[in-house]
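Engineer:
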């Protein structure tokens, strides 16, 4: 399984912010998208997720046939927003995403244990602190199996301990044959290729 | 899909009394009418079905603009759109509409017989109006979903949605009101406009979600 | 804070939610028992009361309708006093009291409207007329619902307290309008007959059951109000404890 981007160009507000990007990430590898603010890191991730249309080029996920029909179906997208409802409890939120995205190897209990939120799973999501909210969003990645993780500043709001923990989770995902594409300005502690945006321009 | 329905119902019930505000708005509209047209009971009874329908129409539009915007604000909308392969987006929209209708519009329909009494309507007129509203209001929600999807990326789209939607709901109003009058005024038929009303609802149950899904897909930026 | 407490002086016992809860647990059984007793006596007296020579047995609706209507106004008055308590004296329980009273007031108002309409159907031939008294009570009902919706829409009680208090105070204008509507406008609803200058116009055989029922329902109101206040205090504590729990979970992971 490989994620291949060829000659990819992206636009924001009608203006071309990057063009002719090429990358190949094979199973078990991570790609770090780096660059200054406004270089188009988030745009690239949203293009890969299928939420934005690229201005040029192609992106495809080369998989054994019959596993996934579209790229989006094989993808977990963790954006700036956590996609959780503040009035529903942590448990209710995760149960919804699990039934919507499909079940995975990890049960909700195990996922919450992995991100250290098991004790407060009954609390409304709105009561959680910023870091706890982020960890809950990370738990969403664990409860449904998707090989490709698109992470946009995944460690925003996390403290040192949680960051280390999250690195462990990402390494586990890679070891299991997953692919990670992360936009970040911090080292995530992963051995990864780096795609630097906005430097040549 | 059931999970989405349950989630949206829960949100509708828990998030700050939205249902109560809808009913209150409906009550207030009906309470204001006698001040406008005068407390003549015969007149009120005659215009009652029409007033109930207009009140319900306006109360249904209330909160409809937030249908997709809340999901957009917390990032859920992206994931709902990305789930297209597992759950067709149009179906997701339809489920969201049904949940919204159940949590915020159905209470209006349930409250309408009571308001019929305030308008001094005959039992038959009340029954007919409630029945037509039960069949017709889903169409308003489904049409509204298109407006809500089109305006989802506008930060202050609320009023705009109502302005876009109101002209489109006129057929629903026409047939809803004429079916209600058909049940009480002898020469006018009840069944024909009622069936057309049901057809409108079914028609928009197909067209609305597809149009809304298309609008949502192009809204992600 | 200690300055404020000394100013409020004798209110100190009630100002402390814990003291209020203790007091409530002592009072409630007695108050509840008394309510049942008085309402029981009132009900028995109502059944024993003679039928009206004009209205027949329908007149007995009065025994519940009048107390409901009276309570709908009294409850709003209590909420207004509580609103003053929030704005002027900054009494910590005033906001709790107002919030707890609103749903009870709304129910009593709704019951007054329903019983009135049940009474009106045989008397006036219609369930509802838009005369001054009925309309103003209906407006009162809408105001109750508005206040409830408003308190529910804002999740932070500290913020919603003042806004709700101001809203309640503005709405108080309606209470005198309801009271005097039957005198100011010529309406279908009968004018005041129990409380008026120059004595009541009601026959004692009907007046006594009415008074007992009114006392009974007033006791019921206070029982329910104290229970609702207790629930509200508990609810706020649960919310506070949940926030503590969310923070506590963090400390556990760090250690």
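Chains as they are written, first to last, in our numbering: chain A, 1 to 201; chain B, 1001 to 1221; chain C, 2001 to 2255. C-beta: ideal position from N, C-alpha, C; glycine also.
Any beta carbon from chain B within less than 8 Å of residue 77 of chain A's own beta carbon?
Structural biologist: Closer than 8 Å to some Cβ of chain B, the Cβ of residue 77 of chain A qualifies, so yes.
Engineer: Could you tell me the alpha carbon to alpha carbon distance between residue 144 of chain A and residue 99 of chain A, rounded to whole angstroms?
Structural biologist: Cα-Cα distance, rounded: 9 Å.
Engineer: Using a Cβ-Cβ distance under 8 Å, would residue 1094 of chain B count as near chain A?
Structural biologist: By this cut-off, residue 1094 of chain B is not an interface position.
Engineer: Terminal residues of the continuous alpha helix (DSSP H) containing residue 2166 of chain C?
Structural biologist: That run of the alpha helix (DSSP H) goes 2157 to 2171.
Engineer: Can you find a CB in chain B that lies within less than 8 Å of the CB of residue 2040 of chain C?
Structural biologist: Closer than 8 Å: no.
Engineer: Helix, strand or coil for residue 2030 of chain C, going by three-state DSSP, please let me know.
Structural biologist: Reduced to three states, the DSSP call for residue 2030 of chain C is helix.
Engineer: If the cut is a Cβ gap below 8 Å, which residues of chain C does residue 1117 of chain B touch?
Structural biologist: Within 8 Å Cβ-Cβ: 2117, 2127 and 2128.
Engineer: Spatial neighbours of residue 1102 of chain B within its chain, please: C-beta separation below 7 Å, excluding the five flanking residues on both sides.
Structural biologist: Cβ neighbours of residue 1102 of chain B beyond the five flanking positions: 1009.
Engineer: What do you reckon, are the CB atoms on residue 1125 of chain B and residue 1180 of chain B nearer than 8 Å?
Structural biologist: Yes. Within cutoff.
Engineer: Checking 8 Å against the spacing of the C-beta atoms, do residue 183 of chain A and residue 153 of chain A come in under that value?
Structural biologist: In contact: residue 183 of chain A and residue 153 of chain A (Cβ atoms closer than 8 Å).
Engineer: So, are the CB atoms of residue 82 of chain A and residue 133 of chain A less than 8 Å apart?
Structural biologist: Yes, the Cβ-Cβ distance between residue 82 of chain A and residue 133 of chain A is below 8 Å.
Engineer: Does any C-beta atom of chain A lie closer than 8 Å to the C-beta of residue 2002 of chain C?
Structural biologist: Residue placement at residue 2002 of chain C is flagged as unreliable, the pLDDT there being 43, under the threshold of 50; the coordinate-derived value follows with that caveat. No - not a single Cβ of chain A is within 8 Å of the one on residue 2002 of chain C.
Engineer: Here's the rule I'm using: 16 or more other beta-carbon atoms within 10 Å means buried, otherwise exposed. How should residue 1222 of chain B be labelled?
Structural biologist: This structure cannot speak to residue 1222 of chain B, because chain B is shown only from 1001 to 1221.
Engineer: Let me confirm a value: residue 1209 of chain B is counted as buried when at least 16 other C-beta atoms fall within 10 Å, else exposed. Which label applies?
Structural biologist: Label assigned to residue 1209 of chain B: buried.
Engineer: What does the Cβ neighbour count give for residue 1199 of chain B, buried or exposed, with the cut at 16 atoms within 10 Å?
Structural biologist: The residue is exposed, with fewer than 16 neighbouring Cβ atoms inside 10 Å.
Engineer: Taking 7 Å as the cut-off, does the CB of residue 2031 of chain C come closer than this to any heavy atom belonging to the ligand ADP?
Structural biologist: For the ligand ADP, the structure offers nothing, since it holds no ligand at all.
Engineer: If the cut is a Cβ gap below 8 Å, which residues of chain C does residue 132 of chain A touch?
Structural biologist: Simply 2246, 2249 and 2250.
Engineer: Do you know whose CA, among B:1185, B:1073, B:1135 and B:1129, lies nearest residue 1152 of chain B's CA?
Structural biologist: If we check each option's Cα against that of residue 1152 of chain B, B:1073 comes out closest.
Engineer: Do you know how far the Cα of residue 75 of chain A is from the Cα of residue 1085 of chain B?
Structural biologist: Taking the straight line joining both Cα atoms gives about 11 Å.
Engineer: At 4 residues or longer, what runs of the alpha helix (DSSP H) sit wholly inside the stretch 22 to 76 of chain A?
Structural biologist: Correct list: 41 to 49.
Engineer: In chain order, what are the residue ranges of uninterrupted beta strand (DSSP E) at least 3 long that sit wholly in the stretch 94 to 168 of chain A?
Structural biologist: Counting whole runs of 3 or more residues, the stretch 94 to 168 of chain A contains the beta strand (DSSP E) stretches 148 to 152.
Engineer: Since residue 179 of chain A is in the beta strand (DSSP E), which residue starts that stretch and which ends it?
Structural biologist: 179 to 183 is the extent of the beta strand (DSSP E) around residue 179 of chain A.
Engineer: According to DSSP, is residue 9 of chain A part of a helix, a strand, or is it coil?
Structural biologist: The answer is strand: DSSP assigns residue 9 of chain A an E or B state.
Engineer: Could you tell me how far apart the beta carbons of residue 2105 of chain C and residue 2144 of chain C are, in whole angstroms, since I believe they sit closer than 8 Å?
Structural biologist: That pair is a contact at about 5 Å.
Engineer: Report the neighbours of residue 84 of chain A on chain B: residues whose CB is nearer than 7 Å to its CB, in chain order.
Structural biologist: 1074, listed in chain order.
Engineer: Can you pull the chain A neighbours of residue 1011 of chain B, defined as C-beta to C-beta under 9 Å?
Structural biologist: Simply 85, 87 and 88.
Engineer: Does DSSP put residue 2108 of chain C in a helix, a strand or coil?
Structural biologist: Of the three classes helix, strand and coil, the one that applies to residue 2108 of chain C here is helix, per DSSP.
Engineer: Does the beta-carbon distance from residue 1019 of chain B to residue 1112 of chain B come in below 8 Å?
Structural biologist: Taking 8 Å as the Cβ cut-off, residue 1019 of chain B and residue 1112 of chain B do not qualify as a contacting pair.
Engineer: Could you give the DSSP three-state label for residue 2056 of chain C: helix, strand or coil?
Structural biologist: If DSSP states are grouped into helix, strand and coil, residue 2056 of chain C belongs with the strands.
Engineer: Go to residue 196 of chain A, then tell me how far its beta strand (DSSP E) extends in each direction, as first and last residue.
Structural biologist: Looking at the DSSP string, the run of the beta strand (DSSP E) that includes residue 196 of chain A is 193 to 196.
Engineer: In chain order, what residues of the same chain have a beta carbon less than 7 Å from the beta carbon of residue 46 of chain A, not counting five sequence neighbours either side?
Structural biologist: These residues qualify, in order along the chain: 52.
Engineer: Check distances from the C-beta atoms of the stretch 2226 to 2244 of chain C to those of chain A and list, in chain order, the residues that come in under 7 Å.
Structural biologist: If the cut-off is 7 Å between Cβ atoms, the stretch 2226 to 2244 of chain C has 2242 and 2243 near chain A.
Engineer: Inspect the beta-carbon positions of residue 1182 of chain B and residue 1121 of chain B and report whether they are closer than 8 Å.
Structural biologist: No, the Cβ-Cβ distance between residue 1182 of chain B and residue 1121 of chain B is not below 8 Å.
Engineer: Would residue 2152 of chain C count as contacting chain B if we go by Cβ distances under 8 Å?
Structural biologist: Interface residue, yes.
Engineer: Determine whether the Cβ of residue 1200 of chain B lies closer than 8 Å to any Cβ atom of chain C.
Structural biologist: Output row for residue 1200 of chain B: interface = no.
Engineer: Can you look up residue 1219 of chain B in the DSSP assignment and give me helix, strand or coil?
Structural biologist: Of the three classes helix, strand and coil, the one that applies to residue 1219 of chain B here is coil, per DSSP.
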